[in-house]
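Protein chains: 2
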Amino acid sequence: MSQHRHPGAPGSAGAVPALPDLPEATVARLPEYLRALHNLADAGHETVSSEGLSAAAGVNSAKLRKDLSHLGSYGTRGVGYDVALLIEQIEYVLGLTQRRAVALVGVGNLGHALAGYDGFASRGFRIAALLDADPSRVGEEINGLVVRHVDELPAVAVEESIAIGVIATPAAAAQRVADQLVAVGVTSILNFAPCVLSVPEGVDVRKVDLAIELQILSFHEHRKASLTALPATGGSALTALPGGLAATDTQEAIGT
Amino acid sequence: MSQHRHPGAPGSAGAVPALPDLPEATVARLPEYLRALHNLADAGHETVSSEGLSAAAGVNSAKLRKDLSHLGSYGTRGVGYDVALLIEQIEYVLGLTQRRAVALVGVGNLGHALAGYDGFASRGFRIAALLDADPSRVGEEINGLVVRHVDELPAVAVEESIAIGVIATPAAAAQRVADQLVAVGVTSILNFAPCVLSVPEGVDVRKVDLAIELQILSFHEHRKASLTALPATGGSALTALPGGLAATDTQEAIGT
DNA sequence: CGCGATTTGTGCACGTCTTCACAAGCGCCT
DNA sequence: AGGCGCTTGTGAAGACGTGCACAAATCGCG
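Structure, rendered in structure tokens:
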């Protein structure tokens, strides 16, 4: 089994071996492992232990081992994981052996930044098209790509074999764009617009909402503030008593 | 309990009543509910049922009710939730009654976009400072704010009462910036750099990695492709290792 | 050749999150 | 006033994810 056959000549069409169905939580962590592994490879490491890799990826080592075990991974007991092999494995499972083409719709503030973000190119993707509904933006060149009108999507999808659509439009336009993407056969969408998209079964949508992230942080911030104001007795989840609590400056180390 | 005490005159300093400790999963959904509620309010709705709100927020209605019940919410059986009241409740719990000041470090490609993103301002935050380590960027004005050098952070933190730090630097600089933020007392960080930050206990970090989102989509795309290629019989999740797979067409049966 | 040091892979128990299903509560209509 | 339909809030069951702890496997060394 030490036979080390590397996965995919990307080559031709759909005949791909089936994938194990991984737990979603695992899938969400694999990219992080992959990044950490690339760092290790660049630093010259040939093998890495679960302990080392998990530290680099910011997770628990047991979790890491279980995750890797799900993809039938090849670690060596007493030694660790072969960095290069593991990179191959994960890239294969994530479908990164082919460089997928991404269409970015909405070249406003955020869209501009995304179009110029080199993290996509360096991590398995190719921004293949920029689209916008605003005629005054059409024709603009960003990072070597010319912005085209969103109505050209059908043509673009075919020309470039678009696999993933990224929506960076205002919320009001997002659903319409999503429909257009679905109509041309895109089944994976990354949505930056602050709204819920409805799409047919079989289409995957992931949402990134920057304000939501801040609001979650705000909650914890609020919570920490309300805790440090208190004398910290036994830990019962106290339910919002408007009561006394005065002190403002007595903040001290929070309990573990 | 029908007593309806509404939360916060934002007014003065830190004396805030303690918060119930909500499940993380719930906290992560509250902002979405809030956004949906604002939409409903703008559309003139005064009340909304759990069914209606859950649809607008893209979740299951039972989940929504349980989430709201955690914050001791005030719905009326047979009627639904009072939109305005619920907005107040959620904003209070999330700590949005005060407009928190955000410091954005790293005014490159992405940082520029974030600095210009009006979703922050409209949803409870104030970008109070732009910082960068590159002297050639210092002094630039973006959206009415002048970029200052990151070494001025201590002064800025005090002047603006920074509550949250956003890191939009290259990965190599991120840890250093995080340390600086922590040093000036920031306990909530939103990290856009593709790397793991280590911070002391009590500091919250949330990470947004755009490439990771795409990679997760890529997995599902890959998976869908490998499924459609097959005649779909019932079966075990076979373990797809690159190992043997000589034959390209003998693949059979993936599970549902 | 065998032994000990090391590290993976995993069974198991625990906690968290989700979902169903239904009793309790509320308003409206008669 | 009483009953009916609608909607919330929640108990309980199940699915899912996590982390411990240890057996199994491998390497290196004497």
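These protein sequence lines are chains D and U, in that order.
At position 186 of the first sequence the residue is numbered 186 (UniProt numbering), and the sequence of numbers has no breaks.
At position 240 of the second sequence the residue is numbered 240 (UniProt numbering), and the sequence of numbers has no breaks.
Where a beta carbon is used, it is the ideal one built from N, C-alpha and C, also for glycine.
Residue i burial status per 10 Å Cβ neighbour count (16 or more: buried)
| i | result |
| --- | --- |
| residue 172/D | exposed |
| residue 19/U | buried |
| residue 106/U | buried |
| residue 111/U | buried |
| residue 232/U | Its pLDDT being 49, under 50, residue 232/U is placed unreliably in this model, and the value from its coordinates should be taken loosely. Classification of residue 232/U: exposed, given that the 10 Å Cβ count is below 16. |
| residue 26/U | buried |
| residue 31/U | buried |
| residue 42/U | exposed |
| residue 78/U | exposed |
| residue 95/D | buried |
| residue 62/D | exposed |
| residue 198/U | exposed |
| residue 143/D | exposed |
| residue 161/U | exposed |
Residues that DSSP places opposite residue i in a beta bridge
| i | result |
| --- | --- |
| residue 216/U | DSSP, once it has assigned bridges, lists no residue as partnering residue 216/U. |
| residue 149/U | 132/U |
| residue 125/D | 100/D |
| residue 204/D | 188/D |
| residue 141/U | 146/U |
| residue 167/U | 105/U, 191/U |
| residue 80/U | 76/U |
| residue 48/D | 81/D |
| residue 162/D | 101/D |
Nearest-angstrom beta carbon gap, residue j and residue i [assumed within contact, 8 Å]
| i | j | result |
| --- | --- | --- |
| residue 125/U | residue 100/U | 6 Å |
| residue 164/U | residue 186/U | 7 Å |
| residue 75/D | residue 68/D | 7 Å |
| residue 216/U | residue 28/D | 6 Å |
| residue 70/D | residue 204/U | In fact, because the Cβ distance is near 29 Å, the residues do not count as touching under 8 Å. |
Alpha-carbon to alpha-carbon, residue j and residue i
| i | j | result |
| --- | --- | --- |
| residue 133/D | residue 53/U | 30 Å |
| residue 117/U | residue 193/D | 12 Å |
| residue 130/D | residue 92/D | 27 Å |
| residue 80/U | residue 218/D | 27 Å |
| residue 156/D | residue 179/D | 15 Å |
| residue 238/U | residue 136/U | Residue confidence for residue 238/U is low, a pLDDT of 40 falling below 50, so the modelled location carries little weight; the figure read from the coordinates is stated next. Looking at the two C-alpha atoms, the distance is approximately 55 Å. |
| residue 195/D | residue 37/D | 35 Å |
| residue 175/U | residue 169/U | 10 Å |
| residue 89/D | residue 113/D | 31 Å |
| residue 152/D | residue 103/D | 12 Å |
| residue 33/U | residue 57/U | 6 Å |
| residue 211/D | residue 123/U | 7 Å |
| residue 262/D | residue 214/U | The requested residue 262/D is not part of the displayed model; chain D covers only 1 to 256. |
| residue 158/D | residue 127/D | 14 Å |
| residue 82/D | residue 73/D | 10 Å |
| residue 35/D | residue 201/D | 31 Å |
| residue 44/D | residue 66/D | 25 Å |
| residue 188/D | residue 207/D | 11 Å |
| residue 50/U | residue 24/D | 27 Å |
| residue 139/U | residue 120/D | 29 Å |
| residue 21/U | residue 225/D | 13 Å |
| residue 181/U | residue 229/U | 51 Å |
| residue 84/D | residue 46/U | 59 Å |
| residue 59/U | residue 48/U | 15 Å |
| residue 177/U | residue 227/U | 44 Å |
| residue 141/U | residue 109/U | 15 Å |
| residue 97/U | residue 222/D | 10 Å |
| residue 191/U | residue 209/U | 8 Å |
| residue 87/D | residue 87/U | 46 Å |
| residue 150/D | residue 150/U | 40 Å |
| residue 55/D | residue 115/U | 32 Å |
| residue 154/U | residue 39/D | 32 Å |
Taking any Cβ of chain U, which residues in the region 199-211 of chain D have a Cβ under 8 Å from it, in chain order?
202, 204, 206, 208, 209, 210, 211
Members of the region 46-69 of chain D near chain U, C-beta cut-off 8 Å
56, 57, 58
Which residues, taken in chain order from the region 215-229 of chain D, show a beta carbon closer than 9 Å to some beta carbon of chain U?
215, 216, 217, 218, 219, 220, 221, 222, 223, 224, 225, 226, 227, 228, 229
With 7 Å as the limit, tell me which residues of the region 122-133 of chain U have their beta carbon closer than that to any beta carbon of chain D; keep them in chain order.
123, 124, 125
By the 8 Å beta-carbon criterion, what residues does the region 27-39 of chain D contribute toward chain U?
27, 28, 30, 31, 32, 34, 35, 36
Please list, in chain order, the residues of the region 90-105 of chain D that have any C-beta partner in chain U closer than 8 Å.
92, 93, 94, 95, 96, 100, 102
In chain order, what residues of the region 182-199 of chain D put their CB closer than 7 Å to some CB of chain U?
187, 188, 190, 194, 196
Determine which residues of the region 158-176 of chain D have a Cβ less than 7 Å from any Cβ of chain U, and write them out in chain order.
163, 164
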